[in-house]
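Undergrad: I am attaching a structure below and will ask some questions about it afterwards.
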Amino acid sequence: MLRSRNKQQGAAPPNSNGSIIISSSYSSYSTRQQRNGDYGNDNDDDDPRGTRSKSIVPKSLIVASVLFLMLLLSGSLSNSSSSSSSNNSNSFKEEDSNATNYQNNQLRTTAAIQQTTNNNDNDNNKSSKTTSSTTNTTSTTSPTTGATLHLIFSTDCSTFQHWQSYLFFHRAYTIQQPGYITRIASGCTDQQMRYEQLWHEERIQGQMSHRFRIHFTPHFSGVKDDVTGKVMGDYKFFNKPFGLKHFLEKDELLGLVVVDDSTTTTNNTNGEMMKHPNDIIILCDPDFALLRPITDDFSNERDTLIGPRRTKYYQQMSSHIVTHGQPFAQTYGLGTQWRKFNLDNIAGVDSPAKQVDQKNGGMFYPAGPPYIGTARDMYKIAVKWSEFAPRVHKEYPHLLAEMVSDVMCENCQVGSFV
Numbered sequence: 089m090l091r092s093r094n095k096q097q098g099a100a101p102p103n104s105n106g107s108i109i110i111s112s113s114y115s116s117y118s119t120r121q122q123r124n125g126d127y128g129n130d131n132d133d134d135d136p137r138g139t140r141s142k143s144i145v146p147k148s149l150i151v152a153s154v155l156f157l158m159l160l161l162s163g164s165l166s167n168s169s170s171s172s173s174s175n176n177s178n179s180f181k182e183e184d185s186n187a188t189n190y191q192n193n194q195l196r197t198t199a200a201i202q203q204t205t206n207n208n209d210n211d212n213n214k215s216s217k218t219t220s221s222t223t224n225t226t227s228t229t230s231p232t233t234g235a236t237l238h239l240i241f242s243t244d245c246s247t248f249q250h251w252q253s254y255l256f257f258h259r260a261y262t263i264q265q266p267g268y269i270t271r272i273a274s275g276c277t278d279q280q281m282r283y284e285q286l287w288h289e290e291r292i293q294g295q296m297s298h299r300f301r302i303h304f305t306p307h308f309s310g311v312k313d314d315v316t317g318k319v320m321g322d323y324k325f326f327n328k329p330f331g332l333k334h335f336l337e338k339d340e341l342l343g344l345v346v347v348d349d350s351t352t353t354t355n356n357t358n359g360e361m362m363k364h365p366n367d368i369i370i371l372c373d374p375d376f377a378l379l380r381p382i383t384d385d386f387s388n389e390r391d392t393l394i395g396p397r398r399t400k401y402y403q404q405m406s407s408h409i410v411t412h413g414q415p416f417a418q419t420y421g422l423g424t425q426w427r428k429f430n431l432d433n434i435a436g437v438d439s440p441a442k443q444v445d446q447k448n449g450g451m452f453y454p455a456g457p458p459y460i461g462t463a464r465d466m467y468k469i470a471v472k473w474s475e476f477a478p479r480v481h482k483e484y485p486h487l488l489a490e491m492v493s494d495v496m497c498e499n500c501q502v503g504s505f506v
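Here you go:
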């Protein structure tokens, strides 16, 4: 991103130590001299301004200044004594107000978003762009392939991610993102679930689009002991792989169905397969602010940013459209640290991840959101991702553990991301 440079005003050239000498330092020098009463010093060698004339202050002015200062101090003392007596009573009021702050958070959130929604409605009315017209004109399918798009993002039920979700939906509404946009909310209490469902129906679906959905899942972020199964900690980013898996299995638009025909290839050991394996899944993070629509087509070189090292691979590809076995994702600076993990314990002794060398590992596998793949491929990844994430976190209990585990899943299931 290019940034404009503002000319620094009032700044002198750097000194020998590389710092910038600001012209205001001269005024601070004169202030210190005046406070020290150093008006009668004839030695002006240390004065950066050169020779100064001595200053003579009349005695009458000094007396008047002292009297004014005494009156000012007496007033300050009386005010401070009266304010100190009121501080004790105010402290109890502050405690009472703090007790109700938490209860009012959701009310403030709703009121603020209501105001934002009203403002958006006014703007839309002025420009003759109503909610219903946007809903009717925005498609649920890819403009290139016709495949149904599902743009999803994973959250918990905190107020913080409540706001993030609103922004995500609003940006999708503004840019007319095609497809279904679904928030996966994990670990909500019954009360939170009722509130989020009602709020979503009124403020998201009612004000923006019926294509904007919410999917609730159980709590997945607990770090469990391998032997006892007891929850020993919390890693909130487990919600991403486990929430994705739950969404692909339970969502009413996707989901799994039991297959009676033994000749049909199923997606798991329970004899189930996806209802719509050709749909496109786009997994994002809730802090994304969409600037333009995301689809399954990356053929336009002008709209697709490709790093210099990967340009030749992009040009050699026969197709730049998401298909089975060819998912797409954003490149992240994850490197190949995962190759140093105990892959036997995490991915298995015969895992294809063990066959990836340093060069290819750094070129094709350090992927992050948005992850884009067919529903069939994303479900394969989600199953292994849910298995690998806790094992990686046990060996690497730090941020991005879930992203490192996803890199290993790519090796085991569908190959590298593009």
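Here our numbering is used: the first residue of the sequence shown is 89, the next is one more, and so on.
C-beta atoms are modelled at their ideal positions from N, C-alpha and C, and glycine is treated no differently.
Would you list the residues sitting across from residue 321 in a DSSP beta bridge?
TA: For this step, residue 321 is matched to residue 233 along the sequence shown. According to DSSP, residue 321 bridges with 311.
Undergrad: On the DSSP letters alone, give me the boundaries of the alpha helix (DSSP H) that residue 329 sits inside.
TA: Within the sequence shown, numbered from 1, the residue matching residue 329 stands at position 241. Looking at the DSSP string, the run of the alpha helix (DSSP H) that includes residue 329 is 327-338.
Undergrad: Report the rounded CA-to-CA distance for residue 452 versus residue 279, giving the unit in angstroms.
TA: Taking the first residue of the sequence shown as 1, we reach residue 452 at position 364. Taking the first residue of the sequence shown as 1, we reach residue 279 at position 191. For residue 452 and residue 279, the distance between alpha carbons rounds to 44 Å.
Undergrad: Using CA coordinates, which residue listed in 395, 479, 290 and 490 is at the minimum distance from residue 302?
TA: Working through the sequence shown from its first residue, we reach residue 302 at position 214. It is 290.
Undergrad: So what does DSSP say about residue 470, is it helix, strand or coil?
TA: Numbered from its first residue, the sequence shown carries residue 470 at position 382. Three-state DSSP puts residue 470 in a helix.
Undergrad: Would you call residue 297 buried or exposed, if buried means 16 or more other Cβ atoms sit within 10 Å of its Cβ?
TA: Working through the sequence shown from its first residue, we reach residue 297 at position 209. Residue 297 is buried by the Cβ-count criterion.
Undergrad: How many angstroms separate the CA atom of residue 446 from the CA atom of residue 424?
TA: Taking the first residue of the sequence shown as position 1, residue 446 is located at position 358. Taking the first residue of the sequence shown as position 1, residue 424 is located at position 336. Distance between the alpha carbons of residue 446 and residue 424: 7 Å.
Undergrad: With a CB to CB cut of under 8 Å and the five nearest residues on each side skipped, what residues in its chain are close to residue 460?
TA: Residue 460 sits at position 372 when you count from the first residue of the sequence shown. Excluding residues within five positions, the ones whose Cβ falls inside 8 Å are 368, 369, 370, 371, 382, 384, 410, 415, 416 and 417.
Undergrad: Would DSSP call residue 249 helix, strand or coil?
TA: For the purposes of this step, residue 249 is taken as the residue at position 161 of the sequence shown. Of the three classes helix, strand and coil, the one that applies to residue 249 here is helix, per DSSP.
Undergrad: Quick test of the definition: if touching needs 3 or more C-beta pairs under 8 Å, does the region 330-337 touch the region 468-478?
TA: Judged by Cβ distances under 8 Å, the region 330-337 makes contact with the region 468-478, as three or more pairs qualify.
Undergrad: Output yes or no for whether 8 Å exceeds the beta carbon distance between residue 420 and residue 455.
TA: As a position in the sequence shown, residue 420 is number 332, starting the count at 1. As a position in the sequence shown, residue 455 is number 367, starting the count at 1. Cβ distance < 8 Å, so residue 420 and residue 455 count as in contact.
Undergrad: If you count every other CB in all the chains shown that lies within 10 Å of the CB of residue 316, and 16 or more means buried, which is it?
TA: Along the sequence shown, read from residue 1 onward, the residue named residue 316 stands at position 228. Under this definition residue 316 is an exposed residue.
Undergrad: On the three-state DSSP scale, how would you describe residue 279?
TA: Against the sequence shown, residue 279 aligns to sequence position 191. In the structure shown, residue 279 sits in a helix (DSSP, three-state: H, G or I).
Undergrad: Take every Cβ of the region 224-239, pair it with every Cβ of the region 265-275, and state whether three or more of those distances are shorter than 8 Å.
TA: Flag = yes, the region 224-239 and the region 265-275 touch.
Undergrad: Which one or two residues does DSSP pair with residue 417 in a beta bridge?
TA: For the purposes of this step, residue 417 is taken as residue 329 along the sequence shown, with counting starting at 1. Paired residue(s): 459.
Undergrad: I need the DSSP call for residue 273, collapsed to helix, strand or coil.
TA: Within the sequence shown, residue 273 is the residue found at index 185, counting from 1. DSSP places residue 273 in strand when its eight states are reduced to three.
Undergrad: Rounded to a whole number of angstroms, what is the C-alpha to C-alpha distance between residue 257 and residue 300?
TA: On the sequence shown, residue 257 is found 169 positions in, with the first residue counted as 1. On the sequence shown, residue 300 is found 212 positions in, with the first residue counted as 1. So the alpha carbons of these two residues sit roughly 7 Å apart.
Undergrad: Pop quiz: residue 308 and residue 326 are said to be a contact at Cβ under 8 Å. What is the actual Cβ separation, rounded to whole angstroms?
TA: Sequence index remark: in the sequence shown, residue 308 carries index 220 (1-based). Sequence index remark: in the sequence shown, residue 326 carries index 238 (1-based). Indeed they touch by this definition, with Cβ atoms about 5 Å apart.
Undergrad: Can you list, in chain order, the residues of its chain with a C-beta nearer than 7 Å to that of residue 490? Leave out the 5 residues immediately preceding and following it.
TA: In the sequence shown, counting from the first residue as 1, residue 490 sits at position 402. Cβ neighbours of residue 490 beyond the five flanking positions: 325, 326, 328, 329 and 477.
Undergrad: Rounding to the nearest angstrom, what Cα-Cα distance links residue 395 and residue 403 in this structure?
TA: The count along the sequence shown starts at 1 and reaches residue 395 at position 307. The count along the sequence shown starts at 1 and reaches residue 403 at position 315. One C-alpha to the other measures close to 12 Å.
Undergrad: Just confirm the distance between the C-beta atoms of residue 365 and residue 464, as a whole number of angstroms; I'd bet it's less than 8 Å.
TA: One-based indexing of the sequence shown puts residue 365 at position 277. One-based indexing of the sequence shown puts residue 464 at position 376. 4 Å between Cβ atoms; contact.
Undergrad: When you compare only the Cα positions, how much space is there between residue 436 and residue 263?
TA: As a working mapping, residue 436 is identified with position 348 in the sequence shown. As a working mapping, residue 263 is identified with position 175 in the sequence shown. Each residue's alpha carbon lies about 44 Å from the other.
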